[in-house]
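**Student:**
There are 2 protein chains.
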Amino acid sequence: MVSPPSKEAVGITIKKNEDFSEWYTQVVMKAGLADYAPVKGFIVLRPYGYSIWESIRDILDKRFKETGHQNGFLPVLIPEGLLSKEADHFAGFTPEVFWVTKAGNTDLGEKLALRPTSETLAYSIFAKWITSYRDLPLKINFWNTALRAEIKATKPFVRTSEFLWQEGHTVHATEDEAEREVMSILGIYRELIEDYLAVPAVVGLKSDKEKFVGAKYTTTLEGMMADGKALQMGTSHHLAQNFSKPFEIKYLGRDTKEHFGWQTSWGVSWRLIGAIIMVHGDDKGLILPPKIAPIQVIVVPIHKDKDALVVKETAYEIARELKNVGIRTHVDDRDEYTSGWKFNEWELKGVPLRVNIGARDIEKGQIEFVRRDSRDKVQWPRSGLVEKTNELLREVQKALFARAKLLLDSYTSAPTSYLEFQSFIGDKGGFARAGWCGEPKCELAIKEETGADIRVITFEQNDIPDKCIYCGEAAKKVAMFGRAY
Amino acid sequence: MVSPPSKEAVGITIKKNEDFSEWYTQVVMKAGLADYAPVKGFIVLRPYGYSIWESIRDILDKRFKETGHQNGFLPVLIPEGLLSKEADHFAGFTPEVFWVTKAGNTDLGEKLALRPTSETLAYSIFAKWITSYRDLPLKINFWNTALRAEIKATKPFVRTSEFLWQEGHTVHATEDEAEREVMSILGIYRELIEDYLAVPAVVGLKSDKEKFVGAKYTTTLEGMMADGKALQMGTSHHLAQNFSKPFEIKYLGRDTKEHFGWQTSWGVSWRLIGAIIMVHGDDKGLILPPKIAPIQVIVVPIHKDKDALVVKETAYEIARELKNVGIRTHVDDRDEYTSGWKFNEWELKGVPLRVNIGARDIEKGQIEFVRRDSRDKVQWPRSGLVEKTNELLREVQKALFARAKLLLDSYTSAPTSYLEFQSFIGDKGGFARAGWCGEPKCELAIKEETGADIRVITFEQNDIPDKCIYCGEAAKKVAMFGRAY
Numbered sequence: 032m033v034s035p036p037s038k039e040a041v042g043i044t045i046k047k048n049e050d051f052s053e054w055y056t057q058v059v060m061k062a063g064l065a066d067y068a069p070v071k072g073f074i075v076l077r078p079y080g081y082s083i084w085e086s087i088r089d090i091l092d093k094r095f096k097e098t099g100h101q102n103g104f105l106p107v108l109i110p111e112g113l114l115s116k117e118a119d120h121f122a123g124f125t126p127e128v129f130w131v132t133k134a135g136n137t138d139l140g141e142k143l144a145l146r147p148t149s150e151t152l153a154y155s156i157f158a159k160w161i162t163s164y165r166d167l168p169l170k171i172n173f174w175n176t177a178l179r180a181e182i183k184a185t186k187p188f189v190r191t192s193e194f195l196w197q198e199g200h201t202v203h204a205t206e207d208e209a210e211r212e213v214m215s216i217l218g219i220y221r222e223l224i225e226d227y228l229a230v231p232a233v234v235g236l237k238s239d240k241e242k243f244v245g246a247k248y249t250t251t252l253e254g255m256m257a258d259g260k261a262l263q264m265g266t267s268h269h270l271a272q273n274f275s276k277p278f279e280i281k282y283l284g285r286d287t288k289e290h291f292g293w294q295t296s297w298g299v300s301w302r303l304i305g306a307i308i309m310v311h312g313d314d315k316g317l318i319l320p321p322k323i324a325p326i327q328v329i330v331v332p333i334h335k336d337k338d339a340l341v342v343k344e345t346a347y348e349i350a351r352e353l354k355n356v357g358i359r360t361h362v363d364d365r366d367e368y369t370s371g372w373k374f375n376e377w378e379l380k381g382v383p384l385r386v387n388i389g390a391r392d393i394e395k396g397q398i399e400f401v402r403r404d405s406r407d408k409v410q411w412p413r414s415g416l417v418e419k420t421n422e423l424l425r426e427v428q429k430a431l432f433a434r435a436k437l438l439l440d441s442y443t444s445a446p447t448s449y450l451e452f453q454s455f456i457g458d459k460g461g462f463a464r465a466g467w468c469g470e471p472k473c474e475l476a477i478k479e480e481t482g483a484d485i486r487v488i489t490f491e492q493n494d495i496p497d498k499c500i501y502c503g504e505a506a507k508k509v510a511m512f513g514r515a516y
Numbered sequence: 032m033v034s035p036p037s038k039e040a041v042g043i044t045i046k047k048n049e050d051f052s053e054w055y056t057q058v059v060m061k062a063g064l065a066d067y068a069p070v071k072g073f074i075v076l077r078p079y080g081y082s083i084w085e086s087i088r089d090i091l092d093k094r095f096k097e098t099g100h101q102n103g104f105l106p107v108l109i110p111e112g113l114l115s116k117e118a119d120h121f122a123g124f125t126p127e128v129f130w131v132t133k134a135g136n137t138d139l140g141e142k143l144a145l146r147p148t149s150e151t152l153a154y155s156i157f158a159k160w161i162t163s164y165r166d167l168p169l170k171i172n173f174w175n176t177a178l179r180a181e182i183k184a185t186k187p188f189v190r191t192s193e194f195l196w197q198e199g200h201t202v203h204a205t206e207d208e209a210e211r212e213v214m215s216i217l218g219i220y221r222e223l224i225e226d227y228l229a230v231p232a233v234v235g236l237k238s239d240k241e242k243f244v245g246a247k248y249t250t251t252l253e254g255m256m257a258d259g260k261a262l263q264m265g266t267s268h269h270l271a272q273n274f275s276k277p278f279e280i281k282y283l284g285r286d287t288k289e290h291f292g293w294q295t296s297w298g299v300s301w302r303l304i305g306a307i308i309m310v311h312g313d314d315k316g317l318i319l320p321p322k323i324a325p326i327q328v329i330v331v332p333i334h335k336d337k338d339a340l341v342v343k344e345t346a347y348e349i350a351r352e353l354k355n356v357g358i359r360t361h362v363d364d365r366d367e368y369t370s371g372w373k374f375n376e377w378e379l380k381g382v383p384l385r386v387n388i389g390a391r392d393i394e395k396g397q398i399e400f401v402r403r404d405s406r407d408k409v410q411w412p413r414s415g416l417v418e419k420t421n422e423l424l425r426e427v428q429k430a431l432f433a434r435a436k437l438l439l440d441s442y443t444s445a446p447t448s449y450l451e452f453q454s455f456i457g458d459k460g461g462f463a464r465a466g467w468c469g470e471p472k473c474e475l476a477i478k479e480e481t482g483a484d485i486r487v488i489t490f491e492q493n494d495i496p497d498k499c500i501y502c503g504e505a506a507k508k509v510a511m512f513g514r515a516y
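Protein chains in written order, with this note's numbering: chain U, 32 to 516; chain B, 32 to 516.
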């Protein structure tokens, strides 16, 4: 039997809790999710990685359409003059903009930015499309990539100079309606992240310092990774009239007067794949939540030469039964690899459930399930295949969320003094729930001294501590501080 | 009733046969398909235009996956050094490449090209992924955009400096297998274009002068537009080992020796939307083939105030029945517009079938269908709704193809002398089927004198004329000449 392991099939050679960063890179590469591109800071998605993105995209796309959004397309190039029209926005993005200055051998008159985000381009065009209240609300989403030249250390999915994402842009007749849109999208993101990706999210507002440049306010979903660092997983911004005024997005109201539109923008990116890896993965590799796994069940026929035919046929039959009820199933019928090699590979790739089937199982009328999360084995009558598979997939989904919730809780502390705060953040990381006076200077000092910033000011503002954790003045809010990716 | 027409709702103000180019632009803009972007040569897709692209994408994506292809993602930036690795290829694309030379305020060491196509980037990475015959075939598709700075006059969908497309890239163990892939993809494209878009395609080979730079040969699907100009609708290339050698895509064979891979690449773009418009549209606007129409049936309730409720309810019922069997249906229940205004708008937008429903129809237990292609009206019993709708949609689909085939035939001539050739091409355009000696110098002379080049050398090579239409030497092939977009 020929079985020299191909590059990605070699297992993870380091433990998750020994060198988290190296472990992460190995999972990305060896599970066949992504690879480095020739330009520093850029990555390529391999089919397995892309299919996870397709799962995420399909879930969101359906929800966006159900809630009255439509997709459109915008070019990747934005003239400098347009990008600079909203001053704060421009100042925020310009240090990381890639600039096109030549076409062929010709120098361009005006530099063109590669889209760092499309507010300015979209809104210059929306202004032409909107004339009356009948054109509102306008709710358009774009599936594309954004480009931001990263100077910090890059990390596949988490920090790359180009990333796949969606950016939604809406215009409404009233401020209230825009606010409802911001919250409705936040709800859709939360559903995706918690119910599908099995990652608990801490939701709330960004501080003014951390909000989107140009927004009135930014809502965010923050996750806790297994190394105690936070990850911003999605944001939904209320733009008020900050863009509609410079871009002149005006509509004639029922009152026959002209009004500026109220706007929102929002996005999630392939960072979510990073979150899945960092939250759920283990020393064996990736673990995918069943609801978004491109392959939910891998069937491995285990046989000697003489039994090959009957065992393989049974494996196909099992796969057919599962596929018939919509379970994404694949049979690994490759002859060039041993069963042990296959087990390792599919564990590495994080397939949530494996079905082993051999000649003895067939005789006994049974199958063997192996759960990826717990690696528990279950023997089960063949006749109960579909039911048991569905049950186990549901259980794995639930168990992953529960484990991630434990992780989040174990990483959430409530220091009562700045000394305690420093020791929590410095020691194990995580979220420190603390009182804040509301002054940017305290926020900044904490960031400089501990590396932690305000990740999120939760919507629930119960039990606000009396004092600001830094200056000791009266606290106005309770905030979740943390070091973040 | 408030009904100032919004911009796009104003009908087409010019006839298709009066000023084809102006008519085309009006259809694109007024049907709400696309709009100009701020940078010359770039367009924005409005939701209606994008949803046609989504239809096309979904059909192809399904077929690609059924035939063992997977999607991936590549960055948009390619280092100059990599792009120049295959010399012919580089020479072909470099005049129209957009170059990134700066990131933020920093000048880059090496210029980065915005992908004009991804052969070089993909293959530099494929080389790392492929080590043995077990890694083959590798069949990856990318849904993205390509960027080519157009210096000629641009035209929405047909010639733009950035365009949505898919590019497939495959590596095979043998030349034969790559050839089968080239033809299999050509078949998928033909099925899309003829069976779904209802546009007849003339398929065959490009001449060496017209083939893809770097390919061994290029197969093509050419369409005939309503103004007598040809449109290249898709290409599928056999790359032989022209890229695998410079990029060192090698595999260890079963024979334990190293071999270079055999490759193909292929693509279609949003040009196909241009083809649909130019082939099927009429003086009233767009006409969409039912199989790819985002809205297949538009239901318009026609009522006075007193009947509004019951008529609208019936309209929703009709829509529900149709949606239940998978027919893409929309009810235009807007009160601010008259029925006549709605009829015009949906005709402009090319919805293949309209259902009118009024109080008298309800009394009589009937509905009225209006076909977009022929504008024929049909009264039909309400009970036969679903069946008749399906029948009419099939009929419209067939009729559009038949009409397009007539167009193609009426534009195909077989001149027997160069004088006749010149007069055909100069007069009404279309395809001139003519003998060719196989020499590039004749091809070039014809191009210079008439503007027509060899669009396609059909696979069927029956009835080859005796002589080359230009030089009079013995013809080796029969070719379809034409002026093209």
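No residue lacks a Cβ here, since even glycine has one placed at the ideal position from N, Cα and C.
Enumerate, from N- to C-terminal direction, the unbroken alpha helix (DSSP H) stretches of 4 or more residues contained entirely within the stretch 93-145 of chain U.
**Tutor:** Entirely contained in the stretch 93-145 of chain U, the alpha helix (DSSP H) runs reaching 4 residues are, in chain order, 111-114 and 118-124.
**Student:** Can you list the beta strand (DSSP E) stretches of 3 or more residues lying completely in the stretch 354-426 of chain U, in chain order?
**Tutor:** For the stretch 354-426 of chain U, whole beta strand (DSSP E) runs of length 3 or above, ordered along the chain, are 360-362, 384-389, 397-402 and 408-412.
**Student:** Report the neighbours of Asp66/B on chain U: residues whose CB is nearer than 8 Å to its CB, in chain order.
**Tutor:** Correct list: Ile156, Lys159 and Trp160.
**Student:** Measure the beta-carbon distance from Val75/U to Phe157/B and round it to whole angstroms, keeping in mind my assumption that it falls under 8 Å.
**Tutor:** Going by Cβ atoms, the distance from Val75/U to Phe157/B rounds to 10 Å, so no, they are not a contact pair.
**Student:** Three-state secondary structure (DSSP) at Lys38/B?
**Tutor:** Note that Lys38/B scores 45 on pLDDT, short of 50, meaning its location in the model is unreliable; the coordinates nonetheless yield the value given after this. Looking at Lys38/B - three-state DSSP - the assignment turns out to be helix.
**Student:** List the DSSP bridge partners of Lys498/B.
**Tutor:** Ala505/B, per the DSSP bridge assignment.
**Student:** Starting from Ile171/B, find everything on chain U with Cβ-Cβ shorter than 8 Å and list it in chain order.
**Tutor:** In chain order: Pro78.
**Student:** Please report whether the beta-carbon of Leu450/U lies at a distance below 7 Å from any beta-carbon of chain B.
**Tutor:** No, Leu450/U lies away from the interface with chain B (no Cβ there is under 7 Å from its Cβ).
**Student:** Distance cutoff 7 Å, beta carbons only. Does Leu108/B sit that close to anything in chain U?
**Tutor:** By this cut-off, Leu108/B is an interface position.
**Student:** If I measure Cβ to Cβ from Lys429/B and keep anything under 6 Å in the same chain, skipping five residues before and after, which residues do I get?
**Tutor:** Closer than 6 Å at the Cβ level, and outside the excluded window around Lys429/B, lies no residue.
**Student:** Excluding the 5 residues preceding and the 5 following Lys192/B in the sequence, name in chain order all residues of the same chain whose CB lies nearer than 6 Å to its CB.
**Tutor:** Note that residue 192/B corresponds to Ser in the displayed sequence, not to Lys. These residues qualify, in order along the chain: Gly72, Phe73, Ala180 and Glu181.
**Student:** According to DSSP, which residues form a beta bridge with Lys493/B?
**Tutor:** Rather than Lys, the amino acid found at residue 493/B in this sequence is Asn. Paired residue(s): none; Asn493/B is not in a bridge.
**Student:** I'd like to know if Pro147/U contacts chain B, where contact means its C-beta is closer than 7 Å to some C-beta of that chain.
**Tutor:** Not closer than 7 Å to any Cβ of chain B, the Cβ of Pro147/U fails to qualify, so no.
**Student:** When you measure from the CB of Thr137/B to every non-hydrogen atom of the ligand ATP, does any distance come out below 6 Å?
**Tutor:** Absence of the ligand ATP is noted for the structure shown, with no ligands found whatsoever.
**Student:** Buried or exposed: where does Pro412/U fall if 16 or more other Cβ atoms within 10 Å of its Cβ makes it buried?
**Tutor:** Classification for Pro412/U: exposed.
**Student:** Would you tell me roughly how many angstroms separate the C-alpha atoms of Val58/B and Lys46/B, rounded to the nearest one?
**Tutor:** Using only the alpha carbons, I get a separation of about 11 Å.
**Student:** Alpha carbon to alpha carbon, what distance is there between Thr137/U and Asn136/B?
**Tutor:** About 20 Å.
**Student:** Which residues in the same chain as Asp226/B place their Cβ atom closer than 6 Å to its Cβ, once the five residues preceding and following it in sequence are excluded?
**Tutor:** Same-chain partners within the cutoff: there are none.
**Student:** Can you check whether the C-beta of Tyr501/U is within less than 7 Å of a C-beta belonging to chain B?
**Tutor:** Not one chain B Cβ lies under 7 Å of Tyr501/U.
**Student:** Which full runs of the alpha helix (DSSP H) of 4+ residues lie inside the stretch 274-346 of chain U, going along the chain?
**Tutor:** Listed in chain order, they are 302-311.
**Student:** Which value, in whole angstroms, describes the spacing of the CA atoms of Glu212/B and Phe121/B?
**Tutor:** Answer to the nearest angstrom: the Cα atoms are 25 Å apart.
**Student:** Just mark Ile500/U as buried or exposed, buried being the case when its beta carbon has 16 or more other beta carbons within 10 Å.
**Tutor:** Ile500/U comes out buried.
**Student:** By Cβ distance, which residues of its chain are closer than 7 Å to Cys468/U, with the 5 residues on each side in sequence left out?
**Tutor:** Contacts found: Cys499, Cys502, Glu504, Ala505, Ala506 and Lys507.
**Student:** When you compare the stretch 282-295 of chain B with the stretch 375-383 of chain B, are there three or more beta-carbon pairs, one atom per stretch, that lie closer than 8 Å?
**Tutor:** Because the criterion of three Cβ pairs below 8 Å is not met, the stretch 282-295 of chain B and the stretch 375-383 of chain B do not touch.
**Student:** Please go through the stretch 175-258 of chain U and give each complete alpha helix (DSSP H) segment of 4 or more residues, from N-terminal end onward.
**Tutor:** Counting only runs of 4 or more, we get 206-221.
**Student:** Specify whether the stretch 442-461 of chain B and the stretch 473-488 of chain B touch according to this definition: at least 3 beta carbon pairs, one from each stretch, less than 8 Å apart.
**Tutor:** Verdict: yes, contact present.
**Student:** May I have the straight-line CA-CA distance separating Asp497/B from Gly357/B, to the nearest angstrom?
**Tutor:** In a straight line, the C-alpha of Asp497/B is about 54 Å away from that of Gly357/B.
**Student:** Give me the Cα-Cα distance between Val234/U and Ile216/U, rounded to the nearest whole angstrom.
**Tutor:** The alpha-carbon atoms of Val234/U and Ile216/U are separated by roughly 12 Å.
**Student:** For Thr442/U, I'd like the list of residues in its chain whose CB is within less than 8 Å of its CB, leaving aside the five on either flank, ordered along the chain.
**Tutor:** For the sequence presented, residue 442/U should be read as Tyr rather than Thr. Excluding positions up to five away in sequence, the list reads Met255, Gly259, Lys459, Gly460, Gly461 and Phe462.
**Student:** Label Leu340/B either buried or exposed according to how many other C-beta atoms from any shown protein chain fall within 10 Å of its C-beta, with 16 as the threshold for buried.
**Tutor:** Counting Cβ neighbours within 10 Å, Leu340/B comes out exposed, since fewer than 16 surround it.
**Student:** Where does Arg464/U land, buried or exposed, given buried means 16+ other C-beta within 10 angstroms?
**Tutor:** Per the 10 Å Cβ criterion, buried.
**Student:** To the nearest angstrom, how far is it from the Cα of Phe374/U to the Cα of Lys395/U?
**Tutor:** The straight-line gap from Cα to Cα measures roughly 22 Å.
**Student:** For Glu181/U and chain B, any beta-carbon pair shorter than 7 Å?
**Tutor:** Not an interface residue.
**Student:** Buried or exposed for Phe490/U, going by 16 or more other Cβ atoms inside 10 Å?
**Tutor:** That one is exposed.
**Student:** Can you tell me whether Ala350/U is buried or exposed? The criterion is at least 16 other CB atoms within 10 Å of its CB, across all chains shown.
**Tutor:** Ala350/U is buried by the Cβ-count criterion.
**Student:** Between which two residues does the alpha helix (DSSP H) containing Ala158/U stretch?
**Tutor:** Residues Glu150 to Trp160.
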